[in-house]
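> A single structure is presented below for examination.
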Amino acid sequence: MIPSFWGPESAEKLWISFGLSRVALVATNVGERLAEHVAAPDPHGSQAASSAELAALRGTPGGLATLDTFGRIPSNQLPVLTPKVLDWISVTAAPYGATGDGTTDDTTAIQAAINAAGNGGVVYFPKGVYRTSAPLDLPRGVTLTGSHSNLMVGPGMSKTDFPCYIQALPEFTTGAMITIIGDADGAHPAINGEQRIYNLMLDGSRVASGNLDGIYAKGNVQNVVMRDICIRDMPNNGIITGSNSKGELPYSWRLHSVMVDNSHSNGYVFARNTDLTMIDCQAIGCWAVGFKITNCANSTFIGCRAEWTGSHGMHFTGAWGNWPGSGSATVSACSTDRCGQDGVRIDATGNGPFIISALMTRRDGRNGGPGGGGFAGLALLNRAPVVVTGLTCYVGTDDAGTAGTSPEYGLRVAGARDVTVVGAYLHGATAGVFQEGTTERIRLTAITTVAGNNYAENRVQSAP
1083 MIPSFWGPES AEKLWISFGL SRVALVATNV GERLAEHVAA PDPHGSQAAS
1133 SAELAALRGT PGGLATLDTF GRIPSNQLPV LTPKVLDWIS VTAAPYGATG
1183 DGTTDDTTAI QAAINAAGNG GVVYFPKGVY RTSAPLDLPR GVTLTGSHSN
1233 LMVGPGMSKT DFPCYIQALP EFTTGAMITI IGDADGAHPA INGEQRIYNL
1283 MLDGSRVASG NLDGIYAKGN VQNVVMRDIC IRDMPNNGII TGSNSKGELP
1333 YSWRLHSVMV DNSHSNGYVF ARNTDLTMID CQAIGCWAVG FKITNCANST
1383 FIGCRAEWTG SHGMHFTGAW GNWPGSGSAT VSACSTDRCG QDGVRIDATG
1433 NGPFIISALM TRRDGRNGGP GGGGFAGLAL LNRAPVVVTG LTCYVGTDDA
1483 GTAGTSPEYG LRVAGARDVT VVGAYLHGAT AGVFQEGTTE RIRLTAITTV
1533 AGNNYAENRV QSAP
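So that you can map any letter, position 357 of the sequence shown is 1439 in the working numbering, and since no number is skipped, the others follow by simple counting.
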């Protein structure tokens, strides 16, 4: 029994003062309270009953979770939620049940998860290899995200390392691994968009032949964002867009840190994608063009890179328009290396000027090995205006010193008009600068030109 004390105001309590405040301890018979608790009946009946109750909850959905050998909660123990309350869905969770084991066809399971996610929902791919046999069709506003995206196979690595990707089965030879359709065709909306794809890799290495693309978007598909994506070994293009029944094409896309590796055709193919932005995107080892950009008004390319392509590294082409809202492209701090033909080629028409700054081209014009062919680090065959500030073009051979020295020219201007180049170091195997055809209003200022191999020291300053 805690004894009582007379405190202030004649209260029989034990007071504790904290300076500006005080509390009182009320006398309580602790022994009586403890005895009452011990004498009360056990709400669980007995210790054995309590143990049985806990055992029944262990390893059940909504109960007490157990961990598998990888330290994860098995999907069959996760609570069962209705699609109405889901905004983050794992493709491996019930009722979808993708396996990611590198063997099972997970197409149906993944598409079911995508359909259940709805506008604003997130579909998550845990670590694994998810094999598919048909296109995954993305509704509006859905986000696909994985645990990690490999960029490329480096020295000492193999393509089976870091298993965290969607892989096309060998029989999946046509169409695209992911499709986004904006066309009133009965199965899709007339206007689609706002999809997000993050931290995912698409792998076509098991498809021996065919025309399978990585990602294909058709029609009115707006505001798609991709970040930290790798698309490798596609039998056809990495990412490509096309028109719908009304002639509409996707526009206003944003791509950040996207890699297309070893596509058997082009890396990126965009047409009329107005307000396209590509930041830190790469095309490496593509058999045709790295970046094929047709009439993408008001587009921006920052820190992008094309290397070891079969054709041009970056190709800006087509009629870029003269309408009030039309414009051209801004290309900043981009680079090319060992592309098969021109590093960067501009043969576009239109009135909007192309703005190029801090462009570095290196060893382009490989031409299958021997070099030559009239290719250049930067080739301007444009009728649209082009303004270049800060340009370097440099020659070289393959990494091992084999094959021919290329490109033939640092800068080639052929039949172009309204070209301004200010500040450039132009090194070509044959000449730093080569002009041909009928040109109009060509201004080259503060240019250094060099001819010969990469050991050449015969630098010549051109006239201002």
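C-beta atoms are modelled at their ideal positions from N, C-alpha and C, and glycine is treated no differently.
Compute the Euclidean distance between the alpha carbons of Tyr1178 and Tyr1206, then round it to the nearest angstrom.
About 12 Å.
> Could you spell out the range, first to last residue, of the alpha helix (DSSP H) harbouring Glu1135?
From DSSP, the alpha helix (DSSP H) with Glu1135 extends over Gln1129 to Leu1139.
> So, with DSSP's three-state summary, where would you put Thr1189?
Correct three-state label for Thr1189: helix.
> Shorter than 8 Å from the beta carbon of Lys1374 to some beta carbon of chain B?
The structure shown contains no chain B; it holds only a single protein chain.
> Can you list, in chain order, the residues of its chain whose CB lies under 6 Å from that of Gly1184, leaving out five sequence neighbours each side?
Only Val1211 meet the Cβ criterion.
> Can you list the beta strand (DSSP E) stretches of 3 or more residues lying completely in the stretch 1513-1539, in chain order?
1513-1518 and 1522-1533, all fully within the stretch 1513-1539.
> So, with DSSP's three-state summary, where would you put Gly1349?
DSSP places Gly1349 in coil when its eight states are reduced to three.
> Near Arg1140, which residues of its chain fall below 7 Å by C-beta distance, leaving aside the five closest residues on each side in sequence?
Correct list, in chain order: Leu1146 and Thr1148.
> Between which two residues does the beta strand (DSSP E) carrying Arg1428 extend?
This sequence places Ile at residue 1428; Arg is not what is there. Its beta strand (DSSP E) spans residues Val1426 to Ile1428.
> Quick one, which of Ala1485, Gly1505, Tyr1476 and Lys1300 has its alpha-carbon nearest Ile1321's?
When only C-alpha atoms are compared, the closest one is Lys1300.
> Does the stretch 1396-1405 touch the stretch 1361-1378, meaning 3 or more C-beta pairs lie closer than 8 Å?
In short, these stretches touch, since the Cβ pair count reaches three.
> Would you mind reading off the limits of the beta strand (DSSP E) that contains Glu1253?
Taken as a continuous stretch (DSSP letters only), Glu1253 belongs to no beta strand (DSSP E), as it is neither H nor E.
> Is the stretch 1268-1282 close to the stretch 1249-1256, with three or more CB pairs under 8 Å?
Taking 8 Å as the limit for Cβ pairs, the verdict is that the stretch 1249-1256 does not touch the stretch 1268-1282.
> Does the separation of the CB atoms of Ala1440 and Gly1409 fall below 8 Å?
The answer is no: Cβ separation not under 8 Å.
> With distances taken Cα to Cα, identify the nearest neighbour of Ser1327 among Gly1459, Pro1208 and Asn1302.
Ser1327 has its Cα closest to that of Asn1302, out of Gly1459, Pro1208 and Asn1302.
> Can you tell me whether Val1167 is helix, strand or coil according to DSSP?
Annotation note: pLDDT 49 at Val1167 (below 50); position unreliable, no value reported.
> Report buried or exposed for Thr1418, applying the criterion of at least 16 other Cβ atoms within 10 angstroms of its Cβ.
Buried: at least 16 other Cβ atoms inside 10 Å.
> Can you give me the Cβ contacts of Thr1512 inside the same chain, cut-off strictly under 7 Å, excluding the 5 residues immediately before and after it?
The residues are Glu1490, Tyr1491 and Ala1533.
> Can you look up His1119 in the DSSP assignment and give me helix, strand or coil?
It is helical.
> Using only the alpha-carbon positions, how far apart do Ala1411 and Phe1383 sit?
So the two alpha carbons sit approximately 8 Å from each other.
> Quick one: what's got a C-beta closer than 7 Å to Asp1295's C-beta in the same chain, skipping five residues either side?
Within the same chain, Asp1295 has close Cβ partners Ala1258, Met1316, Asn1318, Asn1319 and Ile1322.
> Tell me which residues share the same chain as Pro1217 and place their Cβ nearer than 6 Å to its Cβ, disregarding the 5 neighbours each side in the sequence.
Only Gly1257, Ala1258 and Thr1261 meet the Cβ criterion.
> In this structure, what does DSSP give as the bridge partners for Ala1388?
Answer by DSSP bridge pairing, in chain order: Ala1365 and Thr1418.
> In the DSSP assignment, find the beta strand (DSSP E) that holds Ile1155 and state where it starts and stops.
Element bounds for Ile1155: n/a, residue is neither H nor E.
> So Pro1364 and Arg1336 are in contact, right, with Cβ under 8 Å, and what is the actual spacing, rounded?
Reading off the sequence shown, one finds Gln at residue 1364, where the question assumed Pro. With a Cβ gap of about 16 Å, Gln1364 and Arg1336 do not count as contacting.
> Quick check: what's the CA-CA separation for Ile1495 versus Asn1348?
In the sequence as displayed, the identity of residue 1495 is Val instead of Ile. One C-alpha to the other measures close to 25 Å.
> Would you call Ala1482 buried or exposed, if buried means 16 or more other Cβ atoms sit within 10 Å of its Cβ?
The residue in question, Ala1482, is exposed, as its Cβ has fewer than 16 Cβ neighbours within 10 Å.
> Quick check on Gly1113: does DSSP put it in helix, strand or coil?
Reduced to three states, the DSSP call for Gly1113 is helix.
> Cβ atoms of Gly1422 and Gly1454: under 8 Å apart, would you say?
The answer is no: Cβ separation not under 8 Å.
> Kindly identify the DSSP beta-bridge partner or partners of Ala1506.
According to DSSP, Ala1506 bridges with Leu1473 and Ile1529.
> Whose C-beta lies closer than 6 Å to the C-beta of Asn1535 among residues of the same chain, with five residues either side of it excluded?
Excluding residues within five positions, the ones whose Cβ falls inside 6 Å are Thr1487.
> Where does Asn1464 fall in DSSP's three states?
Three-state DSSP puts Asn1464 in coil, outside helix and strand.
> Ordered along the chain, which non-local residues of its own chain (more than five positions away) have a Cβ less than 6 Å from that of Ser1381?
Hits under 6 Å: Leu1358 and Ala1411.
> Name the residue from Gly1292, Val1371 and Arg1354 whose alpha carbon lies nearest to the alpha carbon of Asp1343.
Nearest of Gly1292, Val1371 and Arg1354 to Asp1343, Cα basis: Val1371.
> Do you know offhand how far Tyr1247's Cα is from Ala1138's?
Rounded to whole angstroms, Tyr1247 to Ala1138 spans 37 Å at the Cα level.
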